[in-house]
Amino acid sequence: MAPWRVRGASRCRAGGARHNRPAVCARHKTRRAVLVQALLGLGLFRAELARAASIRLLALGDSLTAGYGLPQGQGFVPQLQAALRAHGHDVQVLDAGVSGDTTAGGLARLEWALADQPQAAIVELGANDGLRGLPPRETRANLDAILSRLKARGIPTLLAGMLAPPNLGADYGREFAEVFESLARDHPEVVFYPFFLEGVAADPALNQPDGIHPNAKGVEVIVRRILPAVETLLGRVSQAPAG
Numbered sequence: 001m002a003p004w005r006v007r008g009a010s011r012c013r014a015g016g017a018r019h020n021r022p023a024v025c026a027r028h029k030t031r032r033a034v035l036v037q038a039l040l041g042l043g044l045f046r047a048e049l050a051r052a053a054s055i056r057l058l059a060l061g062d063s064l065t066a067g068y069g070l071p072q073g074q075g076f077v078p079q080l081q082a083a084l085r086a087h088g089h090d091v092q093v094l095d096a097g098v099s100g101d102t103t104a105g106g107l108a109r110l111e112w113a114l115a116d117q118p119q120a121a122i123v124e125l126g127a128n129d130g131l132r133g134l135p136p137r138e139t140r141a142n143l144d145a146i147l148s149r150l151k152a153r154g155i156p157t158l159l160a161g162m163l164a165p166p167n168l169g170a171d172y173g174r175e176f177a178e179v180f181e182s183l184a185r186d187h188p189e190v191v192f193y194p195f196f197l198e199g200v201a202a203d204p205a206l207n208q209p210d211g212i213h214p215n216a217k218g219v220e221v222i223v224r225r226i227l228p229a230v231e232t233l234l235g236r237v238s239q240a241p242a243g
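For the sequence shown, position 190 (counting from the first letter as 1) is numbered 190 according to the numbering used here, and the numbering increases by one without interruption.
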């Protein structure tokens, strides 16, 4: 006699044995679904851990940080992140660049910029202060406050220096340059990079038509030159989140 079976019913192999019991099949499918969900959850958890392991590096700056006039992916932030990762650093560079911003503006939005709890920071501000001929003492006071707040939060910082345009005169230029040099002396904890536009300023081949903002090749030069200083900065980072 042929084995009894429900006509039209499908057979499954729950537990390795072929059978026609719907309840057993349902339990088997439920267990399998739970297992799949657990494995997917484990994968997501591992992905979250991987993201959490990345060092969050804040880039607080002006149009030179924001990538003014450049196509997406060619500004300072994406080029720096790509260079760091190419050198084996798991870093997420947080873009806090605002075109036209002064040191006063950077100070005013510092708390907002720290909302993502960066573990290190690059401060690139002052170019617009110089272009506007603002009093260097005000520029210094603003940057000093920014550096002091970052230090209080235990965030290692790189200070990028800037030079004033020559049309403002030699005296102003010297006083402006001294702002950054004196800050580096008074804040020995910072990594000091004396001139952000080193090797790029005044070179038509590396700048946009305005002669102020670097083009993509200019940004590449900036990143290549500043990279060792940024790597020094990353060496000071604790993996604990900033407070």
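Glycine residues also receive a C-beta, built at the ideal position from the N, C-alpha and C atoms.
Since I believe Val221 is in contact with Val200 (beta carbons under 8 Å), could you give me their beta-carbon distance rounded to a whole number of angstroms?
That belief holds up - the Cβ atoms of Val200 and Val221 are roughly 5 Å apart, short of 8 Å.
Could you check where the alpha helix (DSSP H) with Glu124 kicks off and where it finishes?
Counted as a single uninterrupted DSSP element, the stretch harbouring Glu124 is not any alpha helix (DSSP H) but the beta strand (DSSP E) occupying residues 120-124.
Could you check the C-alpha separation between Leu49 and Phe176 for me, to the nearest Å?
Here the model assigns Leu49 a pLDDT of 40, short of 50, so the residue's position is not dependable, and the following value carries that caveat. A straight line joining the alpha-carbon of Leu49 with that of Phe176 spans about 44 Å.
Can you give me the C-alpha to C-alpha distance between Gly154 and Leu227, rounded to a whole angstrom?
Separation of Gly154 and Leu227 (C-alpha to C-alpha, rounded to the nearest whole angstrom) is 22 Å.
Quickly, what does DSSP pair Phe192 with across the bridge? List them, please.
According to DSSP, Phe192 bridges with Leu159.
With respect to the beta strand (DSSP E) encompassing Asp171, which residues constitute its N-terminal and C-terminal limits?
Annotation for Asp171: no beta strand (DSSP E) segment contains it, though the alpha helix (DSSP H) segment containing it runs 170-186.
Between which two residues does the beta strand (DSSP E) harbouring Gln79 extend?
Judged by DSSP secondary structure, Gln79 falls outside any beta strand (DSSP E) and instead within the alpha helix (DSSP H) spanning 76-86.
Give the range of the alpha helix (DSSP H) segment to which Arg110 is assigned.
Checking the displayed sequence, the identity of residue 110 turns out to be Leu instead of Arg. From DSSP, the alpha helix (DSSP H) with Leu110 extends over 110-113.
Can you tell me which of the three DSSP states Pro228 falls into?
Correct three-state label for Pro228: helix.
Pull up the distance between the alpha-carbon of Ile146 and that of Leu158, whole angstroms please.
Counting only the Cα atoms, Leu158 lies some 12 Å from Ile146.
Check this for me: beta carbons of Gly88 and Val98, under 8 Å apart or not?
Going by C-beta atoms, Gly88 is not nearer than 8 Å to Val98.
Per DSSP, what are the beta-bridge partners of Leu60 in this structure?
Leu60 pairs with Ala96, Val123.
Strictly by DSSP, which residues pair up with Pro214?
According to DSSP, Pro214 bridges with Asn207.
Would you call Thr232 buried or exposed, if buried means 16 or more other Cβ atoms sit within 10 Å of its Cβ?
With fewer than 16 other Cβ atoms within 10 Å, it is exposed.
Who are Ile55's beta bridge partners in DSSP?
Ile55 is bridged to Val91.
Spatial distance of Asp171 from Leu114 (CA atoms)
Here the alpha carbons of Leu114 and Asp171 stand approximately 36 Å from one another.
Going by CA-CA distance only, name the one from Leu163, Arg174, Val230, Thr102 that's closest to Pro141.
Here residue 141 is Ala; the residue named in the question, Pro, does not match the sequence. Looking at the Cα atoms, Thr102 is the closest of the given residues.
Could you tell me how far apart the beta carbons of Val93 and Leu80 are, in whole angstroms, since I believe they sit closer than 8 Å?
Right, their Cβ atoms sit about 6 Å apart.
Exposed unless 16 or more other CB atoms sit within 10 angstroms - verdict on Leu84
So Leu84 counts as buried.
Which same chain residues end up closer than 6 Å to Thr139 when comparing Cβ atoms and leaving out the 5 residues on each side of it in sequence?
Cβ neighbours of Thr139 beyond the five flanking positions: Thr103, Gly126, Asp129, Val179.
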